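Visitor: Residue numbers (our numbering): 1083 to 1185. We put the beta carbon where it would ideally sit given N, CA and C, even for glycine. All figures in this text were calculated on a predicted structure; none of them were measured in a lab.
1) Can you tell me whether DSSP reads residue 1084 as helix, strand or coil?
2) Leaving out five residues before and five after residue 1122 in sequence, what residues of the same chain have Cβ atoms less than 7 Å from its Cβ?
3) Below 8 Å CB to CB, which residues in the same chain sit around residue 1084 once its five sequence neighbours on both sides are set aside?
4) What residue range does the alpha helix (DSSP H) around residue 1141 cover?
5) Who are the near neighbours of residue 1124 in its chain, counting only those whose CB is closer than 8 Å to its CB and skipping five residues on each side?
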């Protein structure tokens, strides 16, 4: 599923033009999503691409995102842009947890 395109279409179709703050926030969100789409289309992703993709998440790092049982457009769009499947995502999450628990 193309989460990035769906999110862009959703934001653009809401008609948030009536609210200045809502429109500005929607514009920023669309810009972030378009950046993710550009990153997704690259054959080779650079370290900077990964950093930019993860910057759209709540904590700036996909390792700190919520689990797959929760719905999160930013996590899913970041994963799509970076080509991270469910299994890899779970492995990343486990590594982050073990890093935090390390004595």
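Guide: If we stick to the structure as given:
1) coil
2) 1086, 1162, 1163.
3) 1162
4) Counting along the chain, no alpha helix (DSSP H) covers residue 1141, and no H or E run does either.
5) 1131
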